[in-house]
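A.B. asks: Take a look at the following structure, please.
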Amino acid sequence: MATRVTSGRYETVQAVFSGVLDLLASRRCAACDRIIDLQTQAFCRPCDALVERHHSTGAVFEYGGPVAAAVGRFKYQGRSELGRVLGARMAEEARVWVGRVDGVVPVPLHWRRRRTRGYDQAALLARPVARALEVPAWFRCLRRIRSTQSQVAISHAARLRNVQGAFRARALAGSPRLVLVDDVRTTGATLAAAADALRAAGAGEVHTLVLAVRVLGRAT
Ligand SMILES: [Zn+2]
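Counting from 1, position 76 in the sequence shown corresponds to residue 72 in our numbering; the numbering is continuous, with no gaps.
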């Protein structure tokens, strides 16, 4: 009993501590780490001025500049807390689907990469999106069954081969309408392969939403 109380207290302290860390983290620019006021969302004012918005449904930003810096921190420097502010920007974009979808599905990492990184970035982005849409986020619906190389440095044909059959989805009852969420779209091949797996499992509709679109061949 005593042990349980102690461990409960420890968990409470831990939860409060991580809450404080979240609060502190949310006051830093996602791109340059400059301290910003609480009202500012993801970027400080100078960075925000350099951010390029994407102008069609399904993506928030063009990849590059402060957005590339933020994605780099988020994915490769262990800054998992950025998922909340970046996901909030995606949640705004997702409002076009309010009342028109049944669930949000993140594009999963292969388990080996998730274990190395410690978290799955698309899953962190999917949470605020699902909250905004008032639907559940389905984290176990889609699995990456094959580890794939990065899509950036390989040819178009190789990209398609690279992700073909890389995903498998659990059987979906009732033809659910889904929003598939990922961090960066490079060629669309990964999203297409994941959407194919969801449709094969019974999804009625699959919309896609990414934080940023990378235009290949453009300097970042
Ligand atoms: Zn900044």
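Yeah, the Cβ is synthetic: ideal placement off N, Cα and C, and Gly gets one too. Source: prediction; values computed, not measured.
Is the distance from the Cβ of Ala172 to the Cβ of Gly95 below 7 Å?
C.D. replies: First, the amino acid is wrong: residue 172 is Pro here, not Ala. In this structure, Gly95 does not lie closer than 7 Å to Pro172 by Cβ.
A.B. asks: Counting only the same chain and skipping the five closest in sequence on each side, list residues whose C-beta sits under 6 Å from that of Leu168.
C.D. replies: So the list reads Ala197, Gly198, Ala199, once near-sequence residues are dropped.
A.B. asks: How would you call Glu217, buried or exposed, if buried means at least 16 neighbouring beta carbons within 10 angstroms?
C.D. replies: Shown here, the chain extends from -3 to 216; a query on residue 217 therefore has no answer.
A.B. asks: So the candidates are Arg49, Glu48, Leu207, Arg80; which of them puts its Cα closest to the Cα of Asp179?
C.D. replies: Comparing Cα-Cα distances from Asp179 to each of Arg49, Glu48, Leu207, Arg80, the minimum goes to Leu207.
A.B. asks: Can you tell me whether DSSP reads Glu130 as helix, strand or coil?
C.D. replies: Glu130: coil per DSSP, three-state reduction.
A.B. asks: Within 10 Å of its beta-carbon, does Thr204 have 16 or more other beta-carbons around it, so buried, or fewer, so exposed?
C.D. replies: Buried.
A.B. asks: Who are the Cβ neighbours of Val1 in its own chain at under 6 Å, not counting the five residues just before and after it?
C.D. replies: For Val1, the predicted structure reports a pLDDT of 42, less than 50, and the residue's modelled location is therefore unreliable. The matter cannot be settled from this model.
A.B. asks: At what residue ranges does the segment 152 to 193 contain a whole run of the beta strand (DSSP E), taking only runs of 3 or more?
C.D. replies: Here the runs fully enclosed are 163 to 165, 173 to 181.
A.B. asks: Output yes or no for whether 7 Å exceeds the beta carbon distance between Ile298 and Arg23.
C.D. replies: Within the shown structure, residues of the chain are numbered from -3 to 216, placing residue 298 beyond reach of any answer.
A.B. asks: In its own chain, which residues sit with a C-beta less than 7 Å from the C-beta of Val81, not counting the 5 before and 5 after it?
C.D. replies: Only Ser22, Ala26, Gln37, Ala38 meet the Cβ criterion.
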